[in-house]
Structure formats: C-alpha cells, structure tokens
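So the protein sequences, as listed, match chains A and B. The first sequence runs 1232 to 1365 under this note's numbering. The second sequence runs -15 to 175 under this note's numbering. What follows is a set of notes on a single structure, which appears directly below.
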Amino acid sequence: MTHLSSEHLSECILGQPDRRIAGHLENCPACRAELGNFREALSGFRGAVRCWSQNQAHVALAVPRPSESRSWSASHQLALALLLAGVCILASIVWRGGENAPAGDAVLLNQVDAQVSRAVPSSMEPLMKLVAQE
Amino acid sequence: MQLSAASELERAIRPDVAVAQDFEALVQLYRPKVFRFALASLRDLDTAESVTQDCFLRAYQARDGFRQDCSTQTWLMRIAVNLIRDQIRNRRFQFWRRASLTAKPADVAGHGIADRARSPEAQALLNEQVAAVWEAAGKLPERQRTVFLLRFVEDLDLLEIACATGMKEGTVKTHLFRALRAVRVRLGGVA
C-alpha cells in the first residue's frame, strides 16, 4: 500500500479508519508523522479559537454596546465621504462657471466701449445726421 | 380571603418564574459556546454578540416547541447556524464591514495555549499552522466551514452536526472530508 491519501487521513481524524488504514499506520512512520502533525494543528486551532473567544467575550463585556458605536462610526464615515464628494462636485461646477466668466465680461466691456466711444448719445444721433448733411 | 387570592396569584406566576430561572441557567451554561461558534463563523465581535443574543431570544420564544429530539446544545446550535447563515447573506452587501472588521489569522494564532514542554521553535511552528488552519477555514464555503467548526471547535459528533445543520449524516461527512482536504492543502500537505 502506498502512503495514505487525504481521504484516509480524514477518516483517521474523524476516528473511523478501517483495518487496512490502521495497519498501514502502524507500519509507516511517515504517515504516522503526517497524521500526528495534522491532529496537532487541528488541536492547536481548537485551543486558539477557544482562548481567543474567551478573550473577546471579556472585551465585549468590558465595552458596553460597541456595535452601535462602530456601526454609527461606519455610517458617519460613509456620510462624510458622500458630503465631501458633493462638495468637490459643487466646487468643480463653480470653478468651471468662473472659467467662462472672462468671455461674458469681454462682451459687456465691448458694449460699454461702444457706448462710450459714440460722439453723441444715441437719442441725438438723428440730429447729428441733419447737421452732417448741411 | 386576601391570602388565598395572593397564593393563587403566586401559583399562577410561579411556573413562569421557574421557566425564567431555568432559562437563565441555560443561558449561563450555553452562552459561551454559542458565542464562540458565532465568533469563529463570522469573525466579528459585534455581529457574534448580536447573533448570540438573538439565538437565546428565539430559543426563549420557541421553548414550547422544543421536542427534545436532540440535546439542548444541538438545538441552540441549530438556531445559531440559521442566524449565522442569515448574517452571512446580509453581510455580502456590507462591503465596508467585510473589509475592516474581520479577525486576522495572527489575532487568533497568538492565543494558542503555550505548552512549556514545547520548544520556542515548535511553538512558533504550531502558531503558523494554527494561522494556516484559521485562514483555510475562513476560505471554506459556508456549509463546509459550519461543519468544520462544529466538529473541530465545538466537538460535536456527526449525528449532532447533522441535527444542528439539518443535513444528512452522509452529507455532513462529505463536507467534513472536503474541508479537511482544503485545510491540509493549506498546511502544505498533498491533497
């Protein structure tokens, strides 16, 4: 028999190996070591999770209702991010509007220049034509 | 006359009080286990707390319907399994929680029980293996992870897991085999 497959090792871990597998384990140090390592890792995992869970339970008792504060802070962060995004969009719109302003100003200035450069006010222009004819 | 009325009232109240006291004892006994299972499944302290509270609330509400066809622990685990499943489904949409609040392998591996007989190198190796198992367990599909944790953290046997998850015993075994294979691959073994 070749070395034990993953399924065989799983059967051993679950405590249901058949005679053939048990016999192989007795005679194969490599498979025995492999199984031992696997068992130790799972046992260490069990111990670590239990210990960690106990510590976390103490943390949960020490800090009353942390879930609300955390979920609130998460929603606050989201709201803040949305607000900042809104401000950025608004600022860019205003800025682009500002970029168009010089063109509008130039038209207005031209109109003012045209008015100022007239020799007489527009209401007197027909009279000026009569004088020019003379 | 008044005395008789008071004693009648007391008799009427006492069963509820007794049930409440019994239930309080049940909570004291099983709360750490339910919390541990929820925490290992969800890896988030707040959600695990919430699931544990919900579990006992539902158990209290459904206590009359408990047919005692399985142990109390298995019955509570069954409620917890369903609540955790709901949480996982809801959490798929809460991307910011997934990213920030899950426990890292090192958080858990550091809690391994130190063995004085083990050399520092061997202890470090074991911590690495524990971290690898934790990481592999986190990547397992939901059902595989559930049966894996019920078997290797809560020490439930196949029949109890079948009762807690509502699966057939053969299905539980299949999920366990797949979970073990994935964990072994993560540990560096050949599948």
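In this text, a Cβ means the ideal position worked out from N, Cα and C, and glycines have one as well.
Reference residue i; option with closest CA among the options
i	options	result
leucine 67 (chain B)	B:Val169, B:Phe161, B:Thr155 and B:Ala148	B:Ala148
alanine 22 (chain B)	B:Val11, B:Asp6, B:Leu13 and B:Cys39	B:Cys39
arginine 135 (chain B)	A:Leu1361, A:His1255, A:Leu1273 and A:Arg1263	A:Leu1273
threonine 130 (chain B)	B:Pro104, B:Phe7, B:Ser103 and B:Arg162	B:Arg162
isoleucine 63 (chain B)	B:Gln45, B:Arg75 and B:Arg73	B:Gln45
aspartate 48 (chain B)	B:Arg20, B:Leu29 and B:Ala4	B:Ala4
isoleucine 145 (chain B)	B:Arg51, B:Pro16, B:Glu105 and B:Val65	B:Val65
aspartate 139 (chain B)	A:Leu1245, A:Pro1260 and A:Asn1268	A:Leu1245
glutamate 126 (chain B)	B:His159, B:Gln52 and B:Leu171	B:His159
glutamine 71 (chain B)	B:Phe50, B:Lys152 and B:Ala32	B:Ala32
glycine 1278 (chain A)	B:Gly154, B:Gly150 and B:Val114	B:Val114
alanine 9 (chain B)	B:Arg20, B:Met61, B:Leu29 and B:Thr56	B:Thr56
alanine 1261 (chain A)	A:Asn1341, A:His1234 and A:Gly1275	A:His1234
glutamate 1271 (chain A)	B:Arg102, B:Thr155, B:Gln37 and B:Lys157	B:Arg102
glutamine 128 (chain B)	B:Lys157, B:Gln107 and B:Asp141	B:Lys157
leucine 41 (chain B)	B:Asp53, B:Arg51 and B:Leu60	B:Leu60
glycine 172 (chain B)	B:Gly154, B:Leu143, B:Val117 and B:Gly122	B:Val117
Beta-carbon neighbours of residue i, restricted to chain B and to distances below 7 angstroms
i	result
glutamine 1287 (chain A)	Leu23 and Leu29
glutamate 1238 (chain A)	Phe161
isoleucine 1244 (chain A)	Leu164
Nearest-angstrom Cβ-Cβ length linking residue i and residue j, presumed shorter than 8 angstroms
i	j	result
leucine 26 (chain B)	valine 35 (chain B)	7 angstroms
leucine 124 (chain B)	alanine 24 (chain B)	With 8 angstroms as the limit, leucine 124 (chain B) and alanine 24 (chain B) do not qualify as a contact, their Cβ atoms being about 12 angstroms apart.
alanine 120 (chain B)	arginine 170 (chain B)	4 angstroms
serine 1284 (chain A)	arginine 165 (chain B)	About 26 angstroms separates the two Cβ atoms, so there is no contact after all.
cysteine 1243 (chain A)	isoleucine 1252 (chain A)	6 angstroms
valine 1212 (chain A)	leucine 29 (chain B)	Residue 1212 (chain A) cannot be examined here, being either before or after the span of chain A that is shown, 1232 to 1365.
proline 16 (chain B)	alanine 1288 (chain A)	7 angstroms
arginine 168 (chain B)	serine 1237 (chain A)	6 angstroms
methionine 1359 (chain A)	valine 1351 (chain A)	5 angstroms
glycine 1275 (chain A)	leucine 110 (chain B)	5 angstroms
Closer than 9 angstroms at the beta carbon, the chain A residues around residue i
i	result
proline 104 (chain B)	The premise fails here: proline 104 (chain B) is roughly 15 angstroms from chain A at the closest Cβ pair, so nothing lies under 9 angstroms.
phenylalanine 19 (chain B)	Ser1284, Gln1287, Ala1288 and Ala1291
leucine 171 (chain B)	Asn1268, Phe1269 and Ala1272
arginine 73 (chain B)	Going along chain A, no residue has its Cβ under 9 angstroms from arginine 73 (chain B), so there is no contact; the nearest lies around 18 angstroms.
Residues that residue i contacts on chain A, provided the C-beta gap is smaller than 7 angstroms
i	result
glutamine 12 (chain B)	Within 7 angstroms Cβ-Cβ: nothing; glutamine 12 (chain B) doesn't reach chain A, min ~13 angstroms.
glutamine 113 (chain B)	Ala1272 and Gly1275
phenylalanine 136 (chain B)	Leu1273, Phe1276 and Arg1277
arginine 129 (chain B)	What arginine 129 (chain B) touches in chain A: nothing, since even the nearest Cβ is about 12 angstroms away.
Proximal chain A residues relative to residue i, where beta-carbon distance stays under 8 angstroms
i	result
proline 125 (chain B)	The premise fails here: proline 125 (chain B) is roughly 17 angstroms from chain A at the closest Cβ pair, so nothing lies under 8 angstroms.
leucine 110 (chain B)	Glu1271, Ala1272 and Gly1275
tryptophan 118 (chain B)	Phe1276, Ala1279 and Val1280
arginine 47 (chain B)	Result: empty, since nearest Cβ-Cβ is about 24 angstroms, beyond 8 angstroms.
arginine 51 (chain B)	What arginine 51 (chain B) touches in chain A: nothing, since even the nearest Cβ is about 28 angstroms away.
Beta-carbon neighbours of residue i, restricted to chain B and to distances below 8 angstroms
i	result
serine 1323 (chain A)	Neighbours of serine 1323 (chain A) on chain B: none; closest Cβ ~26 angstroms, over 8 angstroms.
At which residue ranges does the stretch 1241 to 1286 of chain A contain complete alpha helix (DSSP H) runs of 4 or more residues, listed in the order of the chain?
-> Runs of the alpha helix (DSSP H) inside the stretch 1241 to 1286 of chain A: 1250 to 1258.
Return the chain-ordered ranges of every alpha helix (DSSP H) run that is complete within the stretch 9 to 70 of chain B and spans a minimum of 4 residues.
-> Counting whole runs of 4 or more residues, the stretch 9 to 70 of chain B contains the alpha helix (DSSP H) stretches 29 to 45.
What residue ranges within the stretch 99 to 160 of chain B form continuous alpha helix (DSSP H) runs of no fewer than 4 residues, ordered along the chain?
-> Taking only runs of at least 4 residues, the alpha helix (DSSP H) segments lying wholly in the stretch 99 to 160 of chain B are 104 to 123, 126 to 136 and 142 to 149.
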